[in-house]
Every structure is written in C-alpha cells, then in structure tokens.
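Numbering (UniProt numbering), first residue to last: 1 to 183.
This is the structure:
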C-alpha cells in the first residue's frame, strides 16, 4: 500500500505543477502556455503508475471497465471515424498493462462499446458508464481505469476538452476526485 501512496503523491505533485503552470483561475485550455507540457508529464506519470501496478490489474472488472473507458475516449466528440478506432485499438493492444489480457477479449469489448456509441451515443455512453462503475469496488482498479483512459486520450500529446469531460464523468461514477487527475 505504501507504493500506491507514493505514486499518488507523485501524481498530486504533477497535478499541482500543472495547476501552477496554468496560473490562478486557469483551466488549462489549449494554447495556455506550458499546461500542454504538464498534461504530457501527467500522462507519462500515469502510464508509469499503471505499469507498476501491472501485477494487480488482472480482473475482468478492470478489463471491461478499461475497454468501456477507451471507447468513450475514442468517441468523446460524438463519433468515431475508422482511423481513430484503429488508432485507439492499437494503443490498447500495445499497452503494457492491458497485455495481461488476450488481445481478442480487449478488441471485442472495445469494439462492442464503440459500435453502441456509434448507433446511439447517449445510450452507448450510459452502458459504458455502467461498465466503468463496476470497477468502483476496488479503488486501485478504479484509478487504473481513469489512468488508462487518460493515457489513451493523451497519446497524441493533447487531451481534448470532450475527452476531459468523459474522464471527469468516469471519475464521478467511480467516486474519485477529478483533481487527482488534473481534471
């Protein structure tokens, strides 16, 4: 447990740096100086935190919630074009922690959620959030779900406002403070 506390302290330190870089009252909008670099730092820290927890993140609840989270991030703007779907799927299959699971299981669950989001975004989003909420029973897994979403969202070096919104909503259904992730 001490390791997790140390990791949380690192993330909080980075989050405080990010807030400081934005200035008082800022919200880290695109083009606001060094906040982009701070988000990139946060993404890298979250990625290394996830890797350090790899042996603990082997449950079906984490797998399913993470795939729902990745689908929401991919479809955050209301649609997913084939190139974006393929890009996120590639990120999932190459993620060190998610390699705990057979790639076909990940692909199937991710695509199921993306398909539901494409047919009816609001209904698909509600179903994805229900899946994410199942990870709330284990705080380590709950945080890892948001971290996974954040890592996928920030893979292109930028976390879009719509992606931040679905990450905040995931924090809400998981009972996690958004400040912990700089949201």
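We put the beta carbon where it would ideally sit given N, CA and C, even for glycine.
Item, Value
"Reduced DSSP category for residue 59 - H, G, I as helix; E, B as strand; rest coil", "coil"
"Closest Cα partner of residue 139 within the set 158, 47, 56, 41", "56"
"Burial state of residue 74, where buried means 16 or more other Cβ atoms lie within 10 Å", "buried"
"Simplified DSSP state of residue 28, which is helix, strand or coil", "For residue 28, the predicted structure reports a pLDDT of 37, less than 50, and the residue's modelled location is therefore unreliable. A value from the coordinates is still provided. Looking at residue 28 - three-state DSSP - the assignment turns out to be coil, as it is neither helix nor strand."
"Stretch-stretch touch, CB-based, cutoff 8 angstroms, three pairs: the region 150 to 160 with the region 69 to 84", "yes"
"Own chain residues within Cβ distance below 6 angstroms of residue 168, not counting five before or after", "178, 183"
"Neighbourhood of residue 122 by C-beta, 6 angstroms cutoff - its chain only, sequence neighbours within 5 removed", "none"
"Reduced DSSP secondary structure (H/G/I, E/B, other) of residue 156", "helix"
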